[in-house]
Structures are given as structure tokens and as C-alpha cells.
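Visitor:
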Amino acid sequence: MRDEHTDGRDALTGHSRRDLLRTASIGALAAGFSGCLGGATSGTDTTSSGAGATARWAGTQNPDTTCWDFDENQSEESEGCGLVYPVFELKRRLDSREDAPDMALVDSKELCSEQSCMSKLDSKVIQLGSSSVANSAKIWPENEIWSIPYTFPVHQRASIGYSFVHPTTWEDYWVPFAKKYNVVPIGFDPPGYRAHLIGTGSDPGTPVTSPADFENRKIRTTQSEVISTAFDELGMNPTTISFSDTLQGMKSGVVDGLEIITPYAVAAQITSITAQVTLTQWAPGLDPIWCRVDFLKGLSEAERTAFAEVTADLAEQSIQRTDRMYERFQGLSPDAPVEGSNFHTQGPDDEPVQVNWLSEEELDAWRAPVNPADNRDLYDDAIGRVHDEFTDGFFDQLHDISRESGVPDQSRNFTLDAWWDDYLDQI
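Next comes the structure, spelled out in C-alpha cells:
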């Protein structure tokens, strides 16, 4: 089992099924990635000049505020990092291997927003793209199923990543998904929960812990239909505006708050105008790297093997790092905000953000009105769409997988047992 503090340069002390399938080592890594997107090519070809395949990637992740290796005490290595995300590390590892495809980074400001990058992937402008499962549902509506609140148990982040790449999920969701959309996930950030933030312009001065405290408040969120449905059920007013407008609005009070994957609030400097964050643990915070299947199938056998090995290693490490990243680096734990963490040092005037860790009774006030186990009719469209298009009964499978005995008690104990290359021949 790989220790959660290590990366692909370290030897394994245990072996998952993935390790037994690998026939080549990751190899020596090159020097640190320069963090510049300016050199990205502008063509749409998937091959470079005689050197093999090239994948063009776009997403909203900024190399100046994104890291892979991190230190919860905000050392020089992780200074300025708000988001732990593998895409720049993916390029670095691919560059270190002669048998791997090339990867070109496209400045997303020139190409798309956080809610439109997937259309560029769909139209073959890029081969790789990053978008949260919630935002991706605008293009691929079946992905709404991942954002149904409280599908996953609270206080168990490992269950999210475990379920997302479970063999049953690959067989009954990602294979039919890929057949329909020609896309599969090949990486992701450490999976956690989305949270609710209140801006400094709307801070009541007392802890906001219940749905009643958020009632009628204007809260920025994604374009997910199931999240908007849950907002309505809980009495909140969802709105979809840009991060820049959200920054101004939360400061002035025009927008009361934000529902988001918390590391993105840090990376976008939204924590600087955040008075409180309420850890409702209601929907997964998961931002995959999506890849076109025709690109994967067009790789040579050596390139495909190398790409599978590198992406599998990063995916396993992402899930293993989840608890440490959220609890220590972000500082979102029962002891929050943890001294030296992002939510401790990057709040208003560099002071701590008030973190509301909810009791079981407080969590139940959020969960009871929108829990799919008791309120399935709220999500009939999202669930029925997947059952009709992909696999009948998949939502019930997903709910059960996230609660089965194989879910590790801590994310560092996760091992990857199935990956996209195991199923490529079925697509």
C-alpha cells in the first residue's frame, strides 16, 4: 500500500490488482513542472511532429494556485496553493517517459469557462478537459446522478472515490456512458464534499448552521438540476454567476453566499470575502479529468499502457490524499479551522474563516428534507435517465456500494482495483 505522503517515485509496500497488471515502472520523474500555460499549442491535431500522440487539455485550474505535493503547514513548497489537482503533475510524469503520449496545456481563458469546457471536448477541440461532475451534467445529463445530495454517507470521504471507480461503476455506468459520449474519466482531485459559504457582506454575526439560516438567501451554485432542486426544497435561492461576479457580490451583499467544492473557493480567493463555511457534507465535490475514448483507442499499445499506468497511479494517490488534504491542508475538521491551514490563513484580512462543523442533529436538519432514501421523487428525472439510458437500478447500486464493507475507514487505505484500460475493449 502506498503511503499517502508519497508519489509515484516511491516504492510500493503493498499491491492492489492494478499493481499486478502493470508491466512497466513509472520511471524517473523529470524536474518540476514550470507552471506556464503560455507555450500551449493552438492546433487541434492529436499527433505531434513524428513523436507520437499529443493530447490537448483545457480547464479552469490555474498553475499558480494549484499543486500536487502539499504540506498542511503551508511550507514554501505549497505556498500559494489552494487547489490540489493532478493535471500539471500528469503532464510532468508523461514528459518523463519516452513511451508516453505528449500533453499540451491550453490557456482556458482563451477557450472556455468552468461551465463550457466540456463542449470543447465534445467537439474535438481538445482531447482532455477538466470539469466537475456537477458542471459536466450540462453537457452529459446522466452525470446529475453524482450530485444527488446525501447519496454518499457523511463523514466518509473515502466512500466517494471508492464508489466512483468501483468495478461495478465501471461496468454499469462508465462503459455505457463512454459508448454514448465517447468520454471517460482518467483522473480527478481528492474527492470530498461540497459546502455552503456565507460572504462578509451577508454575515449575520452568529453561526449559520441550519437550512433556516440560509432560507431565501441568494447562493451561487453550479448549473446542476438536482442541486437546484435541493436548494428549492431547503428554501434557498440558487443563482449561477461567474466567480468574479460572486467575489464582488459576496463582498457587497448582493450575493449572500456560495455552494462549492471548497478548494476552488481558496484557489479563486473567495475565502478572502467568506465569513463562514458550513460543512453540510451533502453532495460530492469531484472534478474529473475527462478524456475522449477515440484518443485512447488511437494510441499505440506502448503509449496506452504508459498513459494507463500514470493516470491510475495519480487516481489512487488522489483518493489516498483526500482526508489529509481536507482535514489538515484545507483545515476542515472538527477542530477547524486548523492552525496554518487554508481556511485559517486565507480568510478576510488573512484571518480565519469561521468553520461550522455540524452535529448529527444539525446534519439531519439538512439531510431529512432532501435525502434520496426518503425523498426519491425529488430526483426521479435524474435517476430515471440513468436507469433508462445505462443500467436499470444503478442508483441503488451506487447507494449500496458507498456503504459496503470494502470502503476504507481512512482514505489513505484505498487501493485502486479497476481503471479505464480494463474496460476499453468493451467500449
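Quick note: the sequence shown uses this note's numbering, first residue 1153, plus one each step. We put the beta carbon where it would ideally sit given N, CA and C, even for glycine.
If we count the other Cβ atoms within 10 Å of its Cβ and call it buried at 16 or more, is Glu-1453 buried or exposed?
Guide: In the sequence shown, counting from the first residue as 1, residue 1453 sits at position 301. Exposed, because fewer than 16 other Cβ atoms sit within 10 Å of the Cβ of Glu-1453.
Visitor: Taking all protein chains shown into account, do 16 or more other C-beta atoms lie within 10 angstroms of the C-beta of Lys-1331, making it buried, or fewer, making it exposed?
Guide: Taking the first residue of the sequence shown as 1, we reach residue 1331 at position 179. Classification for Lys-1331: exposed.
Visitor: If you follow the beta strand (DSSP E) that Gln-1469 is in, where does it begin and where does it stop?
Guide: Along the sequence shown, one-based indexing puts residue 1469 at 317. It is not in any beta strand (DSSP E) - Gln-1469 instead sits in the alpha helix (DSSP H) that spans 1453 to 1472.
Visitor: For Ser-1354 and Gly-1387, which I take to be in contact (beta-carbon distance under 8 Å), what is that distance rounded to the nearest angstrom?
Guide: Locating residue 1354 in the sequence shown gives position 202, counting from the first residue. Locating residue 1387 in the sequence shown gives position 235, counting from the first residue. The pair is not a contact, with the Cβ atoms about 15 Å apart (cut-off 8 Å).
Visitor: Which same chain residues end up closer than 7 Å to Leu-1484 when comparing Cβ atoms and leaving out the 5 residues on each side of it in sequence?
Guide: As a position in the sequence shown, residue 1484 is number 332, starting the count at 1. Correct list, in chain order: Thr-1414, Leu-1431, Tyr-1478, Phe-1495, Val-1507.
Visitor: Restricting to Cα atoms, I'd like to know which of Ala-1464, Glu-1512, Thr-1543, Gln-1562 is closest to Thr-1361.
Guide: Sequence index remark: in the sequence shown, residue 1361 carries index 209 (1-based). Out of Ala-1464, Glu-1512, Thr-1543, Gln-1562, Glu-1512 has the C-alpha closest to the C-alpha of Thr-1361.
Visitor: Mind checking Thr-1381: buried by the 16 CB within 10 Å criterion, or exposed?
Guide: Position 229 of the sequence shown, counting from 1, holds the residue named residue 1381. Buried.
Visitor: Apart from the five residues on each side of it in sequence, which residues of its chain come closer than 6 Å, Cβ to Cβ, to Ala-1419?
Guide: In the sequence shown, residue 1419 corresponds to position 267, counting from 1. Taken in chain order, the residues that qualify are Thr-1217, Gly-1234, Leu-1235.
Visitor: Can you give me the C-alpha to C-alpha distance between Ser-1557 and Thr-1463, rounded to a whole angstrom?
Guide: Here the question's residue 1557 lines up with position 405 in the sequence shown. Here the question's residue 1463 lines up with position 311 in the sequence shown. Cα-Cα distance, rounded: 26 Å.
Visitor: Which residue wins for smallest C-alpha separation from Ser-1275, given the options Phe-1240, Val-1335, Val-1327?
Guide: On the sequence shown, position 123 is the one that residue 1275 refers to. That would be Val-1335, whose Cα lies nearest to the Cα of Ser-1275.
Visitor: Note down the Cα distance separating Leu-1530 from Ala-1289, rounded to an integer number of angstroms.
Guide: Along the sequence shown, one-based indexing puts residue 1530 at 378. Along the sequence shown, one-based indexing puts residue 1289 at 137. For Leu-1530 and Ala-1289, the distance between alpha carbons rounds to 17 Å.
Visitor: If we require 4 or more residues per run, which alpha helix (DSSP H) segments fall completely within the stretch 1364 to 1414?
Guide: Counting only runs of 4 or more, we get 1377 to 1386, 1395 to 1404.
Visitor: What's the gap between the Cα of Arg-1372 and the Cα of Ser-1284?
Guide: Counting from one through the sequence shown, the residue named residue 1372 turns up at place 220. Counting from one through the sequence shown, the residue named residue 1284 turns up at place 132. The alpha-carbon atoms of Arg-1372 and Ser-1284 are separated by roughly 15 Å.
Visitor: When the Cα atoms are used, what is the spatial distance from Thr-1392 to Ile-1350?
Guide: Translated into positions along the sequence shown, residue 1392 becomes position 240. Translated into positions along the sequence shown, residue 1350 becomes position 198. Cα to Cα, the separation comes out at about 16 Å.
Visitor: What residue range is occupied by the uninterrupted beta strand (DSSP E) comprising Leu-1273?
Guide: Within the sequence shown, residue 1273 is the residue found at index 121, counting from 1. Counting along the chain, Leu-1273 falls outside any beta strand (DSSP E), though it belongs to the alpha helix (DSSP H) covering 1269 to 1274.
Visitor: Where DSSP assigns a beta bridge to Arg-1346, which residues make up the other side?
Guide: Here residue 1346 refers to the residue found at position 194 of the sequence shown. In the DSSP output, where bridge partners are listed per residue, Arg-1346 has Ile-1413.
Visitor: Nearest-angstrom Cα distance between Gln-1578 and Ser-1424?
Guide: Numbered from 1 along the sequence shown, position 426 holds the residue referred to as residue 1578. Numbered from 1 along the sequence shown, position 272 holds the residue referred to as residue 1424. So the alpha carbons of these two residues sit roughly 47 Å apart.
Visitor: How big is the Cα-Cα spacing for Pro-1328 and Phe-1542?
Guide: Within the sequence shown, residue 1328 is the residue found at index 176, counting from 1. Within the sequence shown, residue 1542 is the residue found at index 390, counting from 1. One C-alpha to the other measures close to 6 Å.
Visitor: Per the contact definition of three or more C-beta pairs closer than 8 Å, is the stretch 1309 to 1326 in contact with the stretch 1552 to 1571?
Guide: The stretch 1552 to 1571 is in contact with the stretch 1309 to 1326.
Visitor: Is any beta-carbon of chain B found at less than 8 Å from that of Ala-1310?
Guide: Absent from the structure: chain B. Only one protein chain is present.
Visitor: Considering only the beta carbon of each residue, do Tyr-1333 and Trp-1298 sit closer than 8 Å?
Guide: Counting from 1 along the sequence shown, the entry for residue 1333 is found at position 181. Counting from 1 along the sequence shown, the entry for residue 1298 is found at position 146. It is not a contact, given that the beta carbons lie outside the stated cut-off.
Visitor: Would you kindly report the start and end of the unbroken alpha helix (DSSP H) that includes Gln-1506?
Guide: Along the sequence shown, one-based indexing puts residue 1506 at 354. From DSSP, Gln-1506 is part of no alpha helix (DSSP H) but of the beta strand (DSSP E) over 1506 to 1509.
Visitor: Fully enclosed by the stretch 1489 to 1551, which alpha helix (DSSP H) runs are 4 residues long or longer?
Guide: List check, alpha helix (DSSP H) in window: 1494 to 1497, 1512 to 1522, 1532 to 1541.
Visitor: Among the residues of its own chain, which have a CB less than 7 Å from the CB of Ala-1488, if the five just before and after it don't count?
Guide: Stepping through the sequence shown from its first residue, residue 1488 is reached at position 336. These residues qualify, in order along the chain: Phe-1495, Val-1507, Trp-1509.
Visitor: Hey, would you say Ser-1282 sits closer than 8 Å to Gly-1211, going by beta carbons?
Guide: Translated into positions along the sequence shown, residue 1282 becomes position 130. Translated into positions along the sequence shown, residue 1211 becomes position 59. Taking 8 Å as the Cβ cut-off, Ser-1282 and Gly-1211 qualify as a contacting pair.
Visitor: Taking the straight line between their C-alpha atoms, what separation do you get for Ala-1435 and Asp-1365?
Guide: For the purposes of this step, residue 1435 is taken as the residue at position 283 of the sequence shown. For the purposes of this step, residue 1365 is taken as the residue at position 213 of the sequence shown. Near 19 Å, if we compare the C-alpha coordinates of Asp-1365 and Ala-1435.
Visitor: With DSSP run on the structure shown, which of helix, strand or coil describes Ala-1252?
Guide: Here residue 1252 corresponds to residue number 100 of the sequence shown, with the count starting at 1. Note: Ala-1252 maps to coil in three-state DSSP.
Visitor: Helix, strand or coil for Gln-1578? Go by DSSP, reduced to three states.
Guide: Position 426 of the sequence shown, counted from the first residue, corresponds to residue 1578. It is helical.
Visitor: Quick one: what's got a C-beta closer than 6 Å to Thr-1175's C-beta in the same chain, skipping five residues either side?
Guide: Looking up residue 1175 in the sequence shown gives position 23. Below a pLDDT of 50, predicted positions are generally treated as unreliable, and Thr-1175, at 35, falls in that range; no measurement from the model is reported.
Visitor: Could you tell me whether the Cβ atoms of Leu-1466 and Glu-1241 are closer together than 8 Å?
Guide: By one-based count along the sequence shown, residue 1466 stands at place 314. By one-based count along the sequence shown, residue 1241 stands at place 89. Yes, they are a contact pair.
Visitor: Output yes or no for whether 8 Å exceeds the beta carbon distance between Ala-1256 and Thr-1206.
Guide: Residue numbering aside, residue 1256 sits at position 104 when the sequence shown is read from its first letter. Residue numbering aside, residue 1206 sits at position 54 when the sequence shown is read from its first letter. Contact flag set, yes.
Visitor: Within 10 angstroms of its Cβ, does Asn-1368 collect 16 or more other Cβ (buried), or is it exposed?
Guide: By one-based count along the sequence shown, residue 1368 stands at place 216. Classification of Asn-1368: exposed, given that the 10 Å Cβ count is below 16.
Visitor: Would you check if the distance between the CB atom of Trp-1220 and the CB atom of Leu-1280 is smaller than 8 Å?
Guide: Here residue 1220 refers to the residue found at position 68 of the sequence shown. Here residue 1280 refers to the residue found at position 128 of the sequence shown. Going by C-beta atoms, Trp-1220 is not nearer than 8 Å to Leu-1280.
Visitor: Mapping DSSP to helix, strand and coil, what is Gly-1450?
Guide: On the sequence shown, position 298 is the one that residue 1450 refers to. In the structure shown, Gly-1450 sits in a helix (DSSP, three-state: H, G or I).
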